[in-house]
Every structure is written in C-alpha cells, then in structure tokens.
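Those protein sequences? They're chains W and G, same order as listed. Just so we're aligned, residue 1 is where the first sequence starts under the working numbering, counting upward by one. Just so we're aligned, residue 1001 is where the second sequence starts under the working numbering, counting upward by one. Below: the structure, in structure tokens.
Number of protein chains: 2
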Amino acid sequence: MAQAQTPSHTWKLTLAYDGTDYSGWQVQPRRRTIQGTLADALEQITGERVLPQGSGRTDAGVHALAQVASFALRTNIPPENLLRALNRILPANIRILHAEHAAEDFHARHNAVRKAYEYRIYRGEICPPFLARYVFPLVWPLDLSAMNIAAAHVIGRHDFTSFAATEPELSQRENPEFAPPSPLRTLAFSAWNVEGDILIYRVTGEGFLHHMVRNLVGTFIDIGRGQIQPDAIPQILAAKDRSAAGPTAPARGLFLLSVEYPATEQAC
Amino acid sequence: MAQAQTPSHTWKLTLAYDGTDYSGWQVQPRRRTIQGTLADALEQITGERVLPQGSGRTDAGVHALAQVASFALRTNIPPENLLRALNRILPANIRILHAEHAAEDFHARHNAVRKAYEYRIYRGEICPPFLARYVFPLVWPLDLSAMNIAAAHVIGRHDFTSFAATEPELSQRENPEFAPPSPLRTLAFSAWNVEGDILIYRVTGEGFLHHMVRNLVGTFIDIGRGQIQPDAIPQILAAKDRSAAGPTAPARGLFLLSVEYPATEQAC
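Below, the structure written as structure tokens:
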C-alpha cells in the first residue's frame, strides 16, 4: 500500500550503443538486447523492474548515436547520479548520454515527432578492421547522382509499403489484436553525401516502417549500380509491393542519429 | 620427392587487425589467435600448412594498423590474388593491406629494425561505444607536461627490466632451452600528444620487451596523476625491478603502428 502511494517520476534517457553484439533493441527470451540490458541495469540500481520504451526498435546490428527511452520510477535519485550509476553498470558498448526528468505523460515513441538516420557505405578497396562493424563495404562503381535523384523522390508523404518489411515485427505477430500500421510516412530530408572514403545517406522523417531505411538504401544501391532507373521510384512506391523495390541493406551500416520531441516535452 | 624440388617463395604480408576478439597474435591450443586464423586462411587457399612469423607477438586485445608477417609457400600465386583471396576468407576484423614476395631469407621478426606503437587514452566524460574497443577511458586529471618529462627519460639505450613482464611469454616457458632475452632496448621517440578528446603516446624503438609499452604507459599515467615524480624514471630504470614501476595499462588502447626493415629487405 505504502509503495503504491509513492509518486513515480517519468524519466527520459538518451543513449548511444554499438548494436553489433545485440539482438536489437527489443527484449526477447534468451537473447541479449539493448532494452533488456538497460532494464537489468535500472533494476540493479533501483530495485524496480521497469521496461524502458524506446523511440523505436532498432534491429539486430543497428547502432544508435542518440536513441531515447522513457520509463517511470518511484525511486528518488538525482539525474546525474542515475546517469553515472548506469554507465558504471552497463557494458562499454552502451552509454547513457543524458538522464533527465520528463513530463509525467512523456513517452519516447508516442511523442517523437522526427527521427534522423544515417547509413554508411565504405568505398575503399580494403575496409579497415576498426570500421568493419560500422559500415557496409562496397567496391562496385556507384552513380552518386542517380542515387541522389532517387533519394529526392521519396521526400514528402508517401505510402511506403514497397519499402516495408513484409513480415510484421516479432512482438506484433504474437499479438492476436495486431492491426498493421498505416504505411503512410512523411520524409523531410533524404540525400547521399561523400565524406572521404564513406558514402553517407541521411534521412529524416516523422517515423519509419520496419526495415524502411535499409530497404530504401538497398534500392538506392541497385540504382547506383544501374540495375534500376532513378526515376523508377514513383512506380516502385505506387506498386505498394515489397518485391518492386531492391534488397535490404545490411544492418551494420545503419545509425539512429537523433529523435526530436515537441519543445514542451523537453522540459518537465 | 617432386614436392621437395618445387622451389618455395618467401612472402611478406602487411596486415591490420582489431585484436579485441582474439587471444593475441600467437597460436595457442583451443584459442582464437591472429596467427592461427591467418595460417588457416593460407591453408584453405594453398593447401600448405605454414606458420606465419609476426614481427612480434601482440597480446590479447592489442590492435595493429600494420603488423608484418613472413612465411614460405611452394604454391605459385600472384601477390594481388593472394591478397584478395585472403581478404575474402578472413573475418572483417583482420585485413591484409599488402602481400609481396620478399628475399628468400626475409624474416618478419629477425629483420625488423624499428617498430612504432601508439597508446590511446580517451579523456571525455562519456566514452562513445564506437571507440570503447580502441581506447582506455580515463577521466582523472592528468598532468601532461609531467608525463612528457617522464616520456623523454626513456629515450635512448636502457635496461628496461623494470618495465618488462616478470613472467616470460607462454611459448618461452614451454621451451626447456629458454634463455631470457637481453633487457637492453633503444628507444628513438617517446612522447604524449593531445588530439581532441584523445591523449596519444607514441613510441618507436628497435624492439620492445613483453608488456613494455603497456608498462611504460601505466607508469606515465601514475606520473600524470602525481603519484610518481616524472624525474623518478632514471631510478625506476636503475632498480631493474618490475615492482619499481607503475601498473600495466589495459591492452585495448594499444596499437602496433608500423614495422620497418632495412631498405634491401623491401625488394626481392
């Protein structure tokens, strides 16, 4: 009874991780996941078992520079102390960058208004071992301007069914009340750039379907190789059929860069 | 008989590796090592079982930007083909940078005249997960000028017993004819530098004793923290006693940068 009356506080954590050694964000039985590892560390510090909600579920091998997670705790602990305690307990491949109190109803996924991703392709002949976990090495000639014409076609509001995983996510398959999400998404930015030996695709949008960035990148690579015309993107979108687009690019090149929230969500 | 008459060629390979997931360079029973992984790949390509000789034995977790290995093969294969075949077979955390024919008597360890190492300390509050395998994170205040005074004291020819592992290497312990190597070594360069959030120690010399760079770094860190005076280095060297120096710095911050050979060894 006393416990139920203790007021709980909503927390917002910003975290970076190297996803190589994890089976993605979401908890799964007998698998090492970011969400599960974070929940274990929080329990070790506070004695409370909570399931941090991420802004989205990164796949196995996908990295994050600034993923955001929310959860409620009854334990009263200064944000700086929680940050330090978590970074002491968590493995070095997960780091908490910020820990702060948030508005009581703050939810990292429901309240997100914009997310940014980056995909990195290594273009050199021999990929340095120290980059191997963080890039997709590809030595084929690629037509960058064709890739940028294609990338511009997906800006705006579209039905992205052709770029969404055909299988719903694991958790959704297990849910008998599962209804497929709307395939409409709005992208604000989508372009390729060269930085030294690395070709970088950056994309921002209000939200993304499962595998959507990796499926866009796989299609842009086929366009860069001349196997698909860059102006075929509108027809691929119109087909609303996964088989109309290119393959799924490997997870290791993908980074969740940032998640934005309305200004009022930032303070508490 | 026919096989014995086939002339064998000496090879020189230059390779980079992320040592995190290996038990060091040297083959050991039931352990994943760089030397063993390279030998397996060479056997898969040529059918010949050879043991590549490294310029030195990097410890578990130590990285290399340009380790050199030598071995002899009877198989006749163009250097570029051997390089490509090895990079196809080897895991992405080992990359062959150059493959070339060498003089018949070339030996990567015996002929090396100079080696360069680098040790990286991350000074930021929160170490990015993508650097965690490649730096030693250390937030304590460090007196860089004291560390550089100390680093300068080891330049020249000295008895480095105080900075050498007290245990001989595994392979040496198993050798009944083992005689300890001379503890005299000549260092040509030894200095600390700041590059952004990273403090880098660079050292070059004709050769190094086992654990010598990590023991120098551990001592310099104690000096940076004010626990040892920088001008105590000559006494520490004179003591010829491992317990006179500081602790061994962790392997993950250490990189073998390069190995040099006399100009006549470069061509074949």
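Note that the Cβ used here is the ideal one computed from N, Cα and C, for glycine as well.
Item: Proximal residues, the segment 132 to 154 of chain W versus chain G, C-beta separation under 7 Å; Value: A132 and Y134
Item: Exposed unless 16 or more other CB atoms sit within 10 angstroms - verdict on F1189/G; Value: exposed
Item: Against chain G: residues of the segment 88 to 107 of chain W by CB proximity under 9 Å; Value: P91, A92, N93, I94, R95, I96 and L97
Item: H110/W - containing alpha helix (DSSP H), residue span; Value: Where H110/W is concerned, there is no enclosing alpha helix (DSSP H), given that its DSSP letter is neither H nor E.
Item: For V135/W and G253/W, believed in contact at Cβ under 8 Å, the rounded distance; Value: 5 Å
Item: Within chain G, the residues that I126/W reaches when beta carbons sit closer than 7 Å; Value: N1087, R1095 and L1097
Item: Backbone secondary structure at A1191/G - three-state DSSP; Value: strand
Item: G211/W versus H9/W, Q44/W and D59/W, residue with shortest Cα-Cα distance; Value: At residue 211/W the sequence reads His, which differs from the Gly that was named. Minimum Cα distance to H211/W is reached at D59/W.
Item: Burial state of K12/W (16 or more Cβ within 10 Å); Value: buried
Item: Cα-Cα separation between I94/W and P1181/G, rounded to whole angstroms; Value: 42 Å
Item: Sheet register partners of W1011/G (DSSP bridge); Value: F1071/G and H1101/G
Item: is_contact[G1253/G, chain W] using C-beta, thresh 7 Å; Value: no
Item: Y17/W at chain G interface by Cβ criterion, 7 Å; Value: yes
Item: Length of the line joining the Cα atoms of W1025/G and I1077/G; Value: 25 Å
Item: Neighbour flag for P1078/G against chain W, beta carbons, 7 Å; Value: no
Item: Contacting positions in the segment 175 to 209 of chain W - beta carbon closer than 9 Å to chain G; Value: none
Item: Contacting residues, own chain, Cβ-Cβ under 7 Å from A16/W (five flanking each side not counted); Value: A64, L65, A66, R95 and L97
Item: Reduced DSSP secondary structure (H/G/I, E/B, other) of E1118/G; Value: strand
Item: Contact with chain W by F1160/G, beta-carbon distance below 7 Å; Value: no
Item: Under 7 Å by beta carbon: chain G residues contacting P129/W; Value: A1016, Y1017, D1018, A1092, N1093, I1094 and R1095
Item: Three-pair Cβ contact test at 8 Å for the segment 137 to 148 of chain W versus the segment 100 to 110 of chain W; Value: no
Item: V1068/G and V1213/G closer than 7 Å at C-beta; Value: no
Item: For G218/W, three-class secondary structure by DSSP; Value: helix
Item: Range covered by the beta strand (DSSP E) that runs through S1258/G; Value: L1254 to E1260
Item: Pick from R30/W, A72/W, A41/W and A132/W that is closest to N87/W, judged by C-alpha positions; Value: A41/W
Item: Residue span of the alpha helix (DSSP H) that contains R49/W, given as start and end; Value: From DSSP, R49/W is part of no alpha helix (DSSP H); its letter is neither H nor E.
Item: Check whether V1217/G and A1249/G have beta carbons under 7 Å apart; Value: yes
Item: Cβ-based neighbour list, K240/W, same chain, cut-off 7 Å, excluding 5 preceding and 5 following; Value: D159, T161 and S162
Item: Span separating the alpha-carbon of S1070/G from that of H1101/G; Value: 10 Å
Item: Span separating the alpha-carbon of A1263/G from that of K1115/G; Value: 15 Å
Item: Whole-angstrom distance between E206/W and P234/W, CA atom to CA atom; Value: 20 Å
Item: Span of the alpha helix (DSSP H) around L1199/G; Value: Run containing L1199/G: none in the alpha helix (DSSP H); it sits in the beta strand (DSSP E), I1198 to G1205.
Item: Beta-carbon gap between G19/W and G61/W smaller than 7 Å; Value: yes
Item: Chain-order list of residues whose beta-carbon lies under 6 Å from that of P1247/G (same chain, five-residue window excluded); Value: G1218
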